[in-house]
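Per our numbering, residue 14 is the first one in the sequence shown, and the count goes up by one each step.
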Amino acid sequence: MTLLFYYTLIIMFFYTMVAAASLSAFYVSRRKTFLYATIGFAFYFFDVSIVFMDNFITPDAVFGAATFYDVGNPYASIVTGGGAFLFLWLAACRYCREGHWAIRYLPVAVWAAASLAAYQLIGNIQWREFAYYSMRTALQLFCYGVLALWYWRSSDPQRRSIMKAHRVAFFWAIGLTCGIILENIYFQLIYDPSNLPHGMWIMAERNPFENALFICFGLAVLRGAAVSLRLRANSLPEGEDPLLVESIDRLLPLYSLGHDLSKREEEVLRLALMGKDNQNIASALSLTAGTVKVHVHNILKKTGHANRSELAADFWER
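Next up, the structure:
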């Protein structure tokens, strides 16, 4: 039980890091693919954490072998699992530049209805649990099929190239989903829990292959987020966006103090960091272009940089 506890904490920590990296990539790129991935992994974080719910609600309960086949917290699982699958599927659709609204939303809606029906209508506890959790793999296989169809039918070489870049992750996902199916068959239909140690009744719900599948998804998201953040680092921010201006105003006094810049040099540097050229800076500060050129030269000399690009890179690295 202790091993299971730490195992769950580790994978929850990984999903948190994926969501954080994806959110960072969204803030710098404004690509909704990263926003959807962030929300999807946040939902899956709670989906994994449901396994701890009974420990808090009924900490002194004694669970027998029959409890092994209970579907723990089925309604909460539909909400958290549905949220995870929906937003990750939306991210995949947007990344592939495909998907009518029906193909984006209906698969998850049908999955939720089918999962609820399996839980409420199947009387045999083993088959009920197997059918309930197998709905997830059915949804996953459907999504893989749709992605493969999009790739096969696409005549856009750029779109095919984008999808082909993730072919390794795609085939890993299929393999791990097959592992989920085999694991469900064994633990939910074949395995005899009568000799299972006390406290391990949740093993049928804690599916390592599904966790590995979402780690595979997470690695793909981390790869995309890393590329986006790296591009952002290579393309320094400039402009008059209020958030950018606020960041410059917050960092500039300390930077100016560290390099002994005068008040006028600080004003010139502020506008230079916003991407303005010497003529625009001169107009904004009521100076001549020659005076601004002298100030820029002095700023570069004091900070030890050869040009504006190096100066801006140094400023934003702090």
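Backbone N, C-alpha and C define an ideal beta-carbon position, used for all residues, glycine too.
Between the alpha carbons of residue 190 and residue 116, how many angstroms are there, rounded?
Here residue 190 refers to the residue found at position 177 of the sequence shown. Here residue 116 refers to the residue found at position 103 of the sequence shown. Taking the straight line joining both Cα atoms gives about 21 Å.
Original post:
Can you give the Cα-Cα distance for residue 147 and residue 195, rounded to whole angstroms?
Top reply: As a working mapping, residue 147 is identified with position 134 in the sequence shown. As a working mapping, residue 195 is identified with position 182 in the sequence shown. In a straight line, the C-alpha of residue 147 is about 10 Å away from that of residue 195.
Quick check: residue 35 and residue 51, are their CB atoms within less than 9 Å of each other? As a working note, residue 35 is residue 22 in the sequence shown. As a working note, residue 51 is residue 38 in the sequence shown. Yes, Cβ-Cβ distance for residue 35 and residue 51 is below 9 Å.
Q. Out of curiosity, what's the CA-to-CA distance linking residue 263 and residue 282?
A. In the sequence shown, residue 263 corresponds to position 250, counting from 1. In the sequence shown, residue 282 corresponds to position 269, counting from 1. Distance between the alpha carbons of residue 263 and residue 282: 13 Å.
| said: So, under 8 Å CB-CB, residue 49 and residue 119 are touching, yes? Tell me the CB distance rounded to an integer number of Å. | reply: Working through the sequence shown from its first residue, we reach residue 49 at position 36. Working through the sequence shown from its first residue, we reach residue 119 at position 106. The pair is not a contact, with the Cβ atoms about 17 Å apart (cut-off 8 Å).
Checklist entry - Near residue 53, what residues of its chain come up, given a Cβ to Cβ distance below 6 Å and the 5 sequence neighbours on each side ignored? => result Along the sequence shown, one-based indexing puts residue 53 at 40. Hits under 6 Å: 97, 100, 101.
Task: Status (buried if at least 16 other CB within 10 Å, exposed otherwise) for residue 66 - done: As a first step, residue 66 must be located in the sequence shown, where it is residue number 53. Classification of residue 66: exposed, given that the 10 Å Cβ count is below 16.
Burial state of residue 23, where buried means 16 or more other Cβ atoms lie within 10 Å: Here residue 23 is taken as the residue at index 10 of the sequence shown, counted from 1. Looking at its Cβ environment, which holds fewer than 16 other Cβ atoms inside 10 Å, residue 23 is exposed.
Any idea what DSSP makes of residue 84, helix, strand or coil? On the sequence shown, position 71 is the one that residue 84 refers to. Note: residue 84 maps to coil in three-state DSSP.
| query | What first and last residue would you give for the alpha helix (DSSP H) that runs through residue 60? | reply | Translated into the one-based positions of the sequence shown, residue 60 becomes position 47. Its alpha helix (DSSP H) spans residues 45-62.
Quiz prompt | Spatial neighbours of residue 321 in its chain, beta-carbon cut-off 7 Å, leaving aside the 5 residues before and after | solution = As a position in the sequence shown, residue 321 is number 308, starting the count at 1. The residues are 285.
Would you mind giving the Cβ-Cβ distance between residue 85 and residue 60, rounded to the nearest angstrom? I have them listed as a contact below 8 Å.
-> Locating residue 85 in the sequence shown gives position 72, where the first residue counts as 1. Locating residue 60 in the sequence shown gives position 47, where the first residue counts as 1. 12 Å between Cβ atoms; not a contact.
### Query
Under three-state DSSP, which class holds residue 262?
By one-based count along the sequence shown, residue 262 stands at place 249. Residue state, collapsed to three classes: helix.
In whole angstroms, give me the CA-to-CA distance for residue 157 and residue 183. Counting from one through the sequence shown, the residue named residue 157 turns up at place 144. Counting from one through the sequence shown, the residue named residue 183 turns up at place 170. Spanning the two alpha carbons is a distance of roughly 8 Å.
Notebook entry, point to check: Run through DSSP, which three-state label would residue 138 get?
Noted result: Along the sequence shown, one-based indexing puts residue 138 at 125. Residue 138: helix per DSSP, three-state reduction.
*By the 10 Å Cβ neighbour count, where 16 or more other Cβ atoms means buried, how is residue 217 classified, buried or exposed?*
In the sequence shown, counting from the first residue as 1, residue 217 sits at position 204. Per-residue confidence for residue 217 stands at a pLDDT of 45, beneath the threshold of 50, marking its modelled position as unreliable; the derived number appears in the next sentence. Residue 217 should be labelled buried.
- [ ] Pull up the distance between the alpha-carbon of residue 161 and that of residue 176, whole angstroms please.
- [x] Your numbering for residue 161 matches position 148 in the sequence shown. Your numbering for residue 176 matches position 163 in the sequence shown. The straight-line gap from Cα to Cα measures roughly 9 Å.
Quiz item: Straight-line CA distance for residue 149 to residue 40?
Solution: The residue labelled residue 149 in the question sits at position 136 within the sequence shown. The residue labelled residue 40 in the question sits at position 27 within the sequence shown. Going by the C-alpha atoms only, they are around 31 Å apart.
Are the beta-carbon atoms of residue 178 and residue 226 separated by less than 9 Å? Indexing the sequence shown from 1 puts residue 178 at position 165. Indexing the sequence shown from 1 puts residue 226 at position 213. Going by C-beta atoms, residue 178 is not nearer than 9 Å to residue 226.
Review point. From 188, 237, 252, 235, pick the residue whose C-alpha is nearest to that of residue 223; which is it?
Key: Stepping through the sequence shown from its first residue, residue 223 is reached at position 210. Of the candidates 188, 237, 252, 235, the one whose C-alpha sits nearest the C-alpha of residue 223 is 188.
_Let me check understanding here. Comparing Cα to Cα, which of 136, 55, 275, 300 lies closest to residue 313?_
For the purposes of this step, residue 313 is identified with residue 300 of the sequence shown, where counting begins at 1. If we check each option's Cα against that of residue 313, 275 comes out closest.
Determine the direct distance from the alpha carbon of residue 136 to that of residue 123, and round the result to whole angstroms. As a first step, residue 123 must be located in the sequence shown, where it is residue number 110. As a first step, residue 136 must be located in the sequence shown, where it is residue number 123. Rounded to the nearest angstrom, the two C-alpha atoms are 21 Å apart.
- Task: Go ahead and label residue 200 buried or exposed: buried means 16 or more other beta carbons lie within 10 angstroms of its beta carbon, across all protein chains shown.
- Result: As a position in the sequence shown, residue 200 is number 187, starting the count at 1. Buried: at least 16 other Cβ atoms inside 10 Å.
Given a cut-off of 9 Å on the beta-carbon distance, is the pair residue 288 and residue 47 in contact? Stepping through the sequence shown from its first residue, residue 288 is reached at position 275. Stepping through the sequence shown from its first residue, residue 47 is reached at position 34. Taking 9 Å as the Cβ cut-off, residue 288 and residue 47 do not qualify as a contacting pair.
inquiry  = Does residue 94 come out as helix, strand or coil in the three-state DSSP assignment?
reply    = The sequence position of residue 94 within the sequence shown is 81, counting from 1. Helix.
| Under three-state DSSP, which class holds residue 289? | For the purposes of this step, residue 289 is taken as the residue at position 276 of the sequence shown. If DSSP states are grouped into helix, strand and coil, residue 289 belongs with coil.
Checklist entry - So, is residue 271 buried or exposed, given that buried needs 16 or more other C-beta atoms within 10 angstroms? => result If you number the sequence shown from 1, residue 271 lands on position 258. Per the 10 Å Cβ criterion, exposed.
Does DSSP put residue 301 in a helix, in a strand, or in coil?
Taking the first residue of the sequence shown as position 1, residue 301 is located at position 288. Looking at residue 301 - three-state DSSP - the assignment turns out to be coil, as it is neither helix nor strand.
Q) For residue 241, does the count of other Cβ atoms within 10 angstroms reach 16, so buried, or fall short, so exposed? A) Residue 241 sits at position 228 when you count from the first residue of the sequence shown. Residue 241 is buried by the Cβ-count criterion.
ask   = With DSSP run on the structure shown, which of helix, strand or coil describes residue 191?
value = By one-based count along the sequence shown, residue 191 stands at place 178. In the structure shown, residue 191 sits in a helix (DSSP, three-state: H, G or I).
What would DSSP say about residue 217, mapped onto helix, strand or coil?
The residue given as residue 217 occupies position 204 in the sequence shown. Residue confidence is low: residue 217 scores 45 on pLDDT, short of 50, so the model does not pin down where it sits. No coordinate-derived value is stated.
| Taking the continuous alpha helix (DSSP H) assigned at residue 327, which residues delimit it? | Taking the sequence shown and counting its residues from 1, the one referred to as residue 327 is at position 314. Note, residue 327: alpha helix (DSSP H), 321-329.
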